[in-house]
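Residue numbers (the UniProt record's numbering), protein chains in the order written: chain R, 1 to 326; chain F, 1 to 326.
Just so it is clear, CB atoms sit at the ideal spot from N, CA and C, and this is done for glycine as well.
From a predicted model like this one, the values you see are computed outputs, not experimental measurements.
See below:
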């Protein structure tokens, strides 16, 4: 294993130091990444978090128009309640706090505990569970939360910025999740620094369909195929779960080790697939947004937009990983 | 080899199709990627290009405040003169055209030929040769052009947007190159789709210091070391070539297969190194900007800023890969 780290133990801390150094608009304190400047009075605060190793998720989405704070855990490990409580208190500008939680058992438990213990704060949680690949998995009861997290954080963040109340921000966040679906395919395993070897074995001839973002098993393994065929597998899985219809927000996401060129090849296939349905790619993202360390592979996430969601998606955002319109 | 492509032959064309589908503000025609809307009268046109496989370079930097057109060649292969001539003619709004050329023999020849043949257009070329690793290499007489290309394209693009004349845009572009230095380190080789196997062998215990962006050999191989040690090797190489002094623009760039988390670990070390010199990280980029397909590794590029260059760096930009301030 060759990784650009100092030690496996210090990797998360060291990376947070790098984020702080690179982004003066962020403040990193006690394992929480904040927007510098503190809470805006009257604005709903948005807190998310989860295991590290999925960068830029979540800390890369802290900033104007998106998250107020992100709580990174150790690699592939939930943040602890103390981090979440601290973040919740710090970002509450008097209008309450929304917790955006990916559906993994550890995350759900720790965010729930934090919400209970932060009793002076009005907290509502929204669960993201967009991955259609499997019903339960190694770390999940129900569906896993993956790519839709980016959509939920962006759209809820824009609505909070407009001054909407907590109940409304939470309602729309939940609606984005309900309208979103994801499916991922792995070409290789990831390797965690502490394990030092691939999480699972995948022969050089096969791919894993429906992979999770921690290397959890998917639906099945099949022989490696063309971008067109793999895109079709992913899109059929999404379409059969929630029909592709109307204006879509589409993300073709790299798992960390996939060249951007290949993601564009895939995006062309995804766009062609959508054209064949009663739908249109209205907005899109192509790049590394929800990764799994050095895994090679991709996921596709689609969200059925309406006018309100499109407007909120287009609203200005200024974070390390998503930035436009100001 | 597992790659998300349809065929090795169609990979570049398919990826360009994906870019066109993902970015309505771009227009792709005859292997040239343009800003939609055509040339702005009186604005100097900026054209760059080079082999594919370095995405987002160059097509990902086409847009407001940066390039007017990019000419992608086949993978690791210069674009042909016809592409460059076509792009040059199309973006000339009457104020002439700047060619931004990375210093590789094929690119230099083909851009020169295109500049000669586009005789109705006033063309000035600027050569980028920022890589301090080696003096000559497999594909270069003199130093190779790598990360500084992003700085040159951004800063010259901002100046052109302000309406500066061609001579001035070319002068500042050259100045950015002169003030910039790069050094790269590879953990693994890249694999081109047509070869189907790694370009070179690198044992699992070693890294290649001073790697080129096509897998050309660097200075030497050494045993794998910590992020701190590798960052120091790169920074010493830069510092001994051009002293780190004053305000710096610093890019920690991933080679395509390196997780963002590791790039932030490196950035922390780079920032700490700079602190130990008579210099300051005034602006920074952390991410995949000049890649080498699926190679794992990184490069560091620094540019010594002055007030004008800082202002131009900060100016609004709106491209697929670099976007801020509007």
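Residues near residue i by beta carbon distance below 8 Å, same chain, minus five either side
i                     : result
residue 155 (chain R) : 172, 173, 176, 309, 312 and 313
residue 117 (chain F) : 81 and 85
residue 15 (chain R)  : 52 and 55
residue 202 (chain F) : 186, 187, 188, 189, 208 and 221
Pairwise C-alpha distance: residue j and residue i
i                     : j                     : result
residue 21 (chain F)  : residue 8 (chain F)   : 21 Å
residue 27 (chain R)  : residue 95 (chain F)  : 45 Å
residue 99 (chain R)  : residue 262 (chain F) : 27 Å
residue 241 (chain R) : residue 166 (chain R) : 30 Å
residue 6 (chain F)   : residue 110 (chain F) : 29 Å
residue 104 (chain R) : residue 90 (chain F)  : 52 Å
residue 123 (chain R) : residue 97 (chain R)  : 5 Å
residue 106 (chain F) : residue 254 (chain F) : 24 Å
residue 37 (chain R)  : residue 92 (chain R)  : 13 Å
residue 31 (chain R)  : residue 225 (chain F) : 26 Å
residue 128 (chain R) : residue 88 (chain F)  : 48 Å
residue 237 (chain R) : residue 183 (chain R) : 7 Å
residue 283 (chain F) : residue 144 (chain F) : 24 Å
residue 207 (chain R) : residue 141 (chain R) : 25 Å
residue 57 (chain F)  : residue 114 (chain R) : 44 Å
residue 193 (chain R) : residue 19 (chain R)  : 19 Å
residue 75 (chain F)  : residue 316 (chain F) : 30 Å
residue 137 (chain F) : residue 200 (chain F) : 15 Å
residue 250 (chain R) : residue 287 (chain R) : 11 Å
residue 212 (chain F) : residue 108 (chain F) : 17 Å
residue 181 (chain R) : residue 252 (chain R) : 12 Å
Residues near residue i by beta carbon distance below 6 Å, same chain, minus five either side
i                     : result
residue 34 (chain R)  : 27 and 69
residue 230 (chain F) : 185
residue 64 (chain F)  : 318
Whole-number beta carbon distance between residue j and residue i, since they are thought to touch under 8 Å
i                     : j                     : result
residue 146 (chain F) : residue 130 (chain F) : 6 Å
residue 219 (chain F) : residue 134 (chain F) : 6 Å
residue 132 (chain F) : residue 170 (chain F) : Their Cβ separation, rounded to whole angstroms, is 23 Å, which puts residue 132 (chain F) and residue 170 (chain F) out of contact at 8 Å.
residue 235 (chain R) : residue 273 (chain R) : 4 Å
residue 248 (chain R) : residue 305 (chain R) : 7 Å
residue 139 (chain R) : residue 214 (chain R) : 7 Å
residue 50 (chain R)  : residue 10 (chain R)  : Residue 50 (chain R) to residue 10 (chain R), Cβ: 20 Å. No contact.
residue 197 (chain R) : residue 149 (chain R) : Not really, about 28 Å apart at Cβ, beyond 8 Å.
residue 204 (chain F) : residue 2 (chain R)   : 7 Å
residue 232 (chain R) : residue 265 (chain R) : Incorrect: roughly 13 Å between the Cβ atoms, too far for contact.
residue 44 (chain F)  : residue 164 (chain F) : 7 Å
7 Å CB neighbourhood of residue i in its chain, flanking five on each side removed
i                     : result
residue 60 (chain F)  : 319, 320 and 321
residue 222 (chain R) : 206, 207 and 209
residue 12 (chain F)  : 52, 72, 74 and 75
residue 294 (chain F) : 190, 191, 256 and 257
residue 281 (chain F) : 248, 250, 271 and 274
residue 279 (chain F) : 244, 245, 246 and 248
9 Å Cβ cut-off: residues of chain F touching residue i
i                     : result
residue 260 (chain R) : 15, 55, 56, 60, 256, 288, 291 and 321
residue 226 (chain R) : 4, 5, 6 and 7
residue 34 (chain R)  : Near residue 34 (chain R) there are no residues of chain F at all, since even the closest Cβ is about 17 Å away, more than 9 Å.
residue 204 (chain R) : 1 and 2
Contact list for residue i against chain R, beta-carbon separation under 9 Å
i                     : result
residue 284 (chain F) : 21, 22 and 23
residue 187 (chain F) : 2, 3 and 4
residue 305 (chain F) : Ordered by position in chain R, no residue passes the 9 Å Cβ test against residue 305 (chain F), which lies about 15 Å from the chain.
residue 281 (chain F) : 21 and 22
residue 52 (chain F)  : 261
residue 390 (chain F) : This structure gives no information on residue 390 (chain F), because the portion of chain F shown stretches from 1 to 326.
Residue i: contacting residues in chain R (beta-carbon distance under 8 Å)
i                     : result
residue 298 (chain F) : 4
residue 266 (chain F) : 4 and 18
residue 234 (chain F) : Chain R residues near residue 234 (chain F): none, gap ~11 Å exceeds 8 Å.
residue 148 (chain F) : Per Cβ cutoff of 8 Å: no residues; residue 148 (chain F) is ~19 Å from chain R at best.
Within chain F, partners of residue i - CB distance below 8 Å
i                     : result
residue 294 (chain R) : 257, 258, 259 and 296
residue 242 (chain R) : Within chain F, no residue comes near residue 242 (chain R); the closest Cβ sits about 22 Å away, beyond 8 Å.
residue 230 (chain R) : 4
residue 302 (chain R) : Ordered by position in chain F, no residue passes the 8 Å Cβ test against residue 302 (chain R), which lies about 14 Å from the chain.
Under 7 Å from the C-beta of residue i: neighbouring residues of chain R
i                     : result
residue 324 (chain F) : 323
residue 70 (chain F)  : In chain order: nothing, as chain R lies at least about 13 Å away.
residue 315 (chain F) : Result: empty, since nearest Cβ-Cβ is about 14 Å, beyond 7 Å.
residue 118 (chain F) : Within 7 Å Cβ-Cβ: nothing; residue 118 (chain F) doesn't reach chain R, min ~28 Å.
Where residue i meets chain F, residues with beta-carbon distance less than 7 Å
i                     : result
residue 271 (chain R) : 21
residue 158 (chain R) : Those do not exist, as residue 158 (chain R) stays about 17 Å from chain F at its closest Cβ, beyond 7 Å.
- request: Could you say if the stretch 61 to 68 of chain R and the stretch 143 to 162 of chain R meet the contact criterion of at least three C-beta pairs nearer than 8 Å?
  value: yes
- prompt: Using 8 Å as the threshold, is the stretch 284 to 299 of chain F in touch with the stretch 252 to 264 of chain F, meaning 3 or more CB pairs across them?
  reply: yes
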